[in-house]
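Using the numbering used here, you'd call the opening residue of the sequence shown number 891 and step up by one each time.
Yeah, the Cβ is synthetic: ideal placement off N, Cα and C, and Gly gets one too.
Predicted model, so just to flag it, every value in this text is computed and none were measured.
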Amino acid sequence: MQTMFEWQGIESTRGAERAGRVSRHFWLWSAANVSPFVISAGVLVLVLGLSWVGATVAIIVGVIISYPLVGLVAITGLRGGAPALTLSRAAFGYRGNMLPTFLAYIYCIGWESVALFLAASATKALVHRVFPNVNSAFLLAIGLAITGAVTLFVTLYGYQLIIRAQRWITIALAFATAGYFLIVLSKIWPLKAAPSAPDSPPLLAGISFVVAAGGLSWVVMGGDYSRYLPSDSKPCAVAGWTALGGGATAVSLLLFGVLIGVGKSDVVVKAAADPLGALALLLPTWFCVPFLVATIVALIGSGVVNLYSSGLNLLALGVRLPRPTTIIFDAALVMLGASYLLFFSPGFFGTFESFLAILGVPLAAWCSIFLVDFYLHRGCGYNPSAIYPREGDKGGIGYVGMLSLLLGTGLGVVLNSDPGGIIQSVLGLMVAESALETVTSWKVGIFVSFFVGGAVYAILSKRRVLSAA
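1) For G1302 versus G1335, is the C-beta spacing smaller than 7 Å?
2) Out of curiosity, what's the CA-to-CA distance linking F1238 and A1039?
3) Would you grab the beta carbon distance between F982 and G1288 for me? Rounded to a whole angstrom, and I think it's under 8 Å.
4) Nearest-angstrom Cα distance between M1111 and A1163?
5) Pull up the distance between the alpha-carbon of S1116 and that of L968, whole angstroms please.
6) Please state the DSSP three-state secondary structure of C998.
7) Going along the chain, which residues of its own chain have a beta-carbon closer than 8 Å to the beta-carbon of Y1347, five neighbours each way excluded?
8) In the DSSP assignment, find the unbroken alpha helix (DSSP H) run with T946 in it and report its ends.
9) Near I1032, which residues of its chain fall below 7 Å by C-beta distance, leaving aside the five closest residues on each side in sequence?
10) Please report the residue range of the alpha helix (DSSP H) in which M1111 lies.
11) I'd like the span of the alpha helix (DSSP H) that includes W1079, first residue to last.
12) Between which residues of its own chain and L1029 is the CB-CB distance below 6 Å, once the five residues before and five after are set aside?
13) So G1136 and S920 are in contact, right, with Cβ under 8 Å, and what is the actual spacing, rounded?
14) Quick one: grab the DSSP three-state call for E907.
15) Classify R914 as helix, strand or coil using the three-state DSSP reduction.
16) Classify I1097 as buried or exposed, calling it buried when 16 or more other Cβ atoms lie within 10 Å of its own Cβ.
17) In or out: Y1070 buried (at least 16 other Cβ within 10 Å) or exposed?
18) Would you check if there are 3 or more beta carbon pairs closer than 8 Å linking the segment 1148-1156 to the segment 993-1000?
19) Buried or exposed, going by whether 16 or more other CB atoms sit within 10 Å of the CB of S1275?
20) When the distance is taken between beta carbons, is T1299 closer than 7 Å to S1339?
21) Taking L959 and G1105 to be in contact with their CB atoms under 8 Å, please state how far apart those CB atoms are, rounded to whole angstroms.
22) Considering just the uninterrupted stretch of the alpha helix (DSSP H) at G1201, what are its terminal residues?
23) I need the boundaries of the alpha helix (DSSP H) containing L1030, first residue and last residue.
24) For Q1056, does the three-state DSSP call read helix, strand or coil?
25) Of the residues G1269, S913, R1268 and W917, which one's Cα is nearest the Cα of A1055?
26) Can you tell which of L1204, V1304 and I950 has the C-alpha that lies nearest to the C-alpha of T976?
27) Taking Cβ to Cβ, would you say G1193 is nearer than 7 Å to I1217?
28) Using the Cα positions of L989 and L1046, report the straight-line distance between them to the nearest angstrom.
29) Tell me whether M894 sits in a helix, a strand or coil according to DSSP, three-state version.
30) For F1219, report the span of its alpha helix (DSSP H) as first-last.
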């Protein structure tokens, strides 16, 4: 079994383990984003109350802001040879780093749960189009089981299989998406007249949504794959191929979603409850099975990236388990999360938005602090003693990093909504109506968290270095 599965954990990658072409990471991140759900996310931007012009602006700005961050984090993996949440011990300390690592771990588990939920929902919606009398619970279970099993299998084999599979997933899904586009275009053209331009708060909400559901959702995983690239790879190439693979794919599909939403207003209403089922409304029956296969393959492509990184984050928390065991454990948690979304959540959109609102703010602060620490203080690489403390010496807390994280997160949460809205964000996990209210109050919380966290860390950490000198 040791020859079959990947056993590389969070230890530094060295020597022959580091190989491959940088350009292959275009396919890795493209496959992670080439999903029908990304098309649905473009439709969901319209749910915020934006016109097609506002939605287009929000998508372009959100993608330009967020996906280069994934590329910058990928450079840290190249230089440090370790996963991002392991390298961030340098800024937060071994114990202090457990807080952002735990949040990132929950984020990965949450996104993978969303992927399995969508696969199960798509299975039910599309098979019902062909065989309307099949039991719904049975179809949900089948979709959940197939997607979960294949995702687990690919993830257990690790980086080498993932990096090979993602290229073919991208190519196959590009053809499937093109076929879907041609079918749908005939049903939505000519487009209806666009509503008037939106006020600024919905536009900011749209940008925040695209950032949180787009590049920001991948930043915690950015270094987990680039650590396998040759150490002499060009950093600009690593950042460029990573950002281009995810960003170009995402912006194309998001804008396609806006096009669908403008052409078919009933899809916008349906998408809030069943994102992929809404897309299936426009399909002829004969295309349902190919679309279902493409959907499951796409969700596997994004799911393996999340599941692979969640296992690394579990190890970074100090859990002493073999690498394959962490993946199996995480897969079990993901099944529970997907089951909650399928059978207990009052509505997908409300729960999903609350999930992004709660975790997006602190992870934006972490991303900023992590990048500032790297580019200010780790130009010569990471000191192994700061990343891998000796047995019995588990380091401490990086107080500058923790203070910056707490300040950025605190201000971000306060400015993300009014005080009542903060409570709504939490209750949104249980009460759909209150969660939907949270969306309309989204403004600048993620951006404030990012800039405050990074600025405070830059000032205080530089002063600390100067005083030490």
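For this structure:
1) Sequence index remark: in the sequence shown, residue 1302 carries index 412 (1-based). Sequence index remark: in the sequence shown, residue 1335 carries index 445 (1-based). Cβ distance < 7 Å, so G1302 and G1335 count as in contact.
2) Position 348 of the sequence shown, counting from 1, holds the residue named residue 1238. Position 149 of the sequence shown, counting from 1, holds the residue named residue 1039. So the alpha carbons of these two residues sit roughly 23 Å apart.
3) Residue 982 sits at position 92 when you count from the first residue of the sequence shown. Residue 1288 sits at position 398 when you count from the first residue of the sequence shown. Rounded, the Cβ-Cβ distance is 5 Å, consistent with contact.
4) Looking up residue 1111 in the sequence shown gives position 221. Looking up residue 1163 in the sequence shown gives position 273. Taking the CA atoms as reference points, M1111 sits about 28 Å from A1163.
5) Start at 1 with the first residue of the sequence shown, and residue 1116 comes out as number 226. Start at 1 with the first residue of the sequence shown, and residue 968 comes out as number 78. Each residue's Cα considered, the two are about 5 Å apart.
6) As a working mapping, residue 998 is identified with position 108 in the sequence shown. Here C998 carries a helix assignment [DSSP, helix/strand/coil].
7) Indexing the sequence shown from 1 puts residue 1347 at position 457. A981, S1258, I1259, V1262, D1263, V1290, G1291 and S1294.
8) Here residue 946 refers to the residue found at position 56 of the sequence shown. Start and end: W942 to G970.
9) Residue numbering aside, residue 1032 sits at position 142 when the sequence shown is read from its first letter. Result list for I1032: T1013, in chain order.
10) Here residue 1111 corresponds to residue number 221 of the sequence shown, with the count starting at 1. Segment: none, M1111 is in no alpha helix (DSSP H) and carries neither H nor E.
11) Along the sequence shown, read from residue 1 onward, the residue named residue 1079 stands at position 189. No alpha helix (DSSP H) holds W1079; DSSP gives it neither H nor E.
12) Here the question's residue 1029 lines up with position 139 in the sequence shown. Apart from sequence neighbours up to five positions away, the residues of its chain that approach L1029 with a beta-carbon distance below 6 Å are T1013, K1014 and V1017, ordered along the chain.
13) Reading the sequence shown from its first residue, position 246 is the one you call residue 1136. Reading the sequence shown from its first residue, position 30 is the one you call residue 920. Confirmed, about 7 Å.
14) The residue given as residue 907 occupies position 17 in the sequence shown. Helix.
15) Against the sequence shown, residue 914 aligns to sequence position 24. The three-state reading of DSSP puts R914 in helix, counting H, G and I together.
16) Here the question's residue 1097 lines up with position 207 in the sequence shown. By the Cβ-count criterion, I1097 is buried, with 16 or more other Cβ atoms from all chains shown falling within 10 Å of its own Cβ.
17) As a first step, residue 1070 must be located in the sequence shown, where it is residue number 180. Per the 10 Å Cβ criterion, buried.
18) With a cut-off of 8 Å, the segment 993-1000 and the segment 1148-1156 do not count as touching, because too few Cβ pairs lie within range.
19) On the sequence shown, position 385 is the one that residue 1275 refers to. By the beta-carbon neighbour count (other beta carbons within 10 angstroms, threshold 16), S1275 is exposed.
20) Indexing the sequence shown from 1 puts residue 1339 at position 449. Indexing the sequence shown from 1 puts residue 1299 at position 409. Going by C-beta atoms, S1339 is nearer than 7 Å to T1299.
21) Taking the sequence shown and counting its residues from 1, the one referred to as residue 959 is at position 69. Taking the sequence shown and counting its residues from 1, the one referred to as residue 1105 is at position 215. Taking C-beta atoms under 8 Å as the contact rule, L959 and G1105 qualify, at a distance of about 5 Å.
22) Numbered from 1 along the sequence shown, position 311 holds the residue referred to as residue 1201. Note, G1201: alpha helix (DSSP H), C1178 to A1206.
23) Locating residue 1030 in the sequence shown gives position 140, where the first residue counts as 1. First-last of the alpha helix (DSSP H) with L1030: S1026 to Y1047.
24) The residue you call residue 1056 lines up with position 166 of the sequence shown. Residue state, collapsed to three classes: helix.
25) In the sequence shown, the residue the question calls residue 1055 occupies position 165. Ranked by how close their Cα comes to the Cα of A1055, the residues G1269, S913, R1268 and W917 have W917 in first place.
26) The residue given as residue 976 occupies position 86 in the sequence shown. Answer by Cα proximity: L1204.
27) Walking along the sequence shown from the start, residue 1193 turns up at place 303. Walking along the sequence shown from the start, residue 1217 turns up at place 327. Contact annotation: G1193 and I1217 have beta-carbon atoms that are not nearer than 7 Å.
28) Sequence index remark: in the sequence shown, residue 989 carries index 99 (1-based). Sequence index remark: in the sequence shown, residue 1046 carries index 156 (1-based). Each residue's Cα considered, the two are about 26 Å apart.
29) Position 4 of the sequence shown, counting from 1, holds the residue named residue 894. It is coil, neither helix nor strand.
30) On the sequence shown, position 329 is the one that residue 1219 refers to. For F1219, the enclosing alpha helix (DSSP H) has its first and last residue at R1213 to F1233.
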